[in-house]
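One structure below.
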Amino acid sequence: TKVLKDFYAGAAGGSSLLQGGIAEEMKQAAKDPYTGMQSENGGIIGFLEVVLSDFARLEAETSTSEDSAASAYEAFMDESNEDAAVKATESKHKTDKKRDIDAETESLKKELDLTQEELNAANAYYDKLKPDCVDNG
């Protein structure tokens, strides 16, 4: 912007970009030299300053947005990792509990089978003794 400020500051003279000998001829030919639109809303310098301030504002908003998104991501990842660890522990406990219950069920089934065999043997012995003990006459 310094180059443009220097140009427009010297634009009132009308020959800021002209070379040596031509400058004198051009001064005589031009009655009103081009001074740019410096009086209307700051001209090109004002425009560039607005662009610069817009860029600075946009950069600040973007940085803030990125920082908040990064912190939200970190919080989400921490929560997700914690949740995954809790679920893995719960799954391990449930698997262990299921294994214990299955083992207990198998043991109870074996005990039931043995008890059923004893009952069947007792009933068979009862049926064998029944005719000797009961008087049918």
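Per the numbering used here: the sequence shown ends with 158, consecutive numbering throughout. Just so you know, even glycine gets a beta-carbon here, dropped at the ideal spot from N, CA and C. Everything numeric in this text was worked out from a predicted model, so none of it was measured.
Note on geometry: alpha-carbon atoms of Ala81 and Leu69 lie some 18 Å from one another.
In the DSSP assignment, Val107 falls within the alpha helix (DSSP H) that extends over Gly64 to Cys154. The beta carbons of Lys26 and Ile66 sit closer together than 7 Å.
The alpha-carbon separation between Thr83 and Glu95 amounts to approximately 18 Å.
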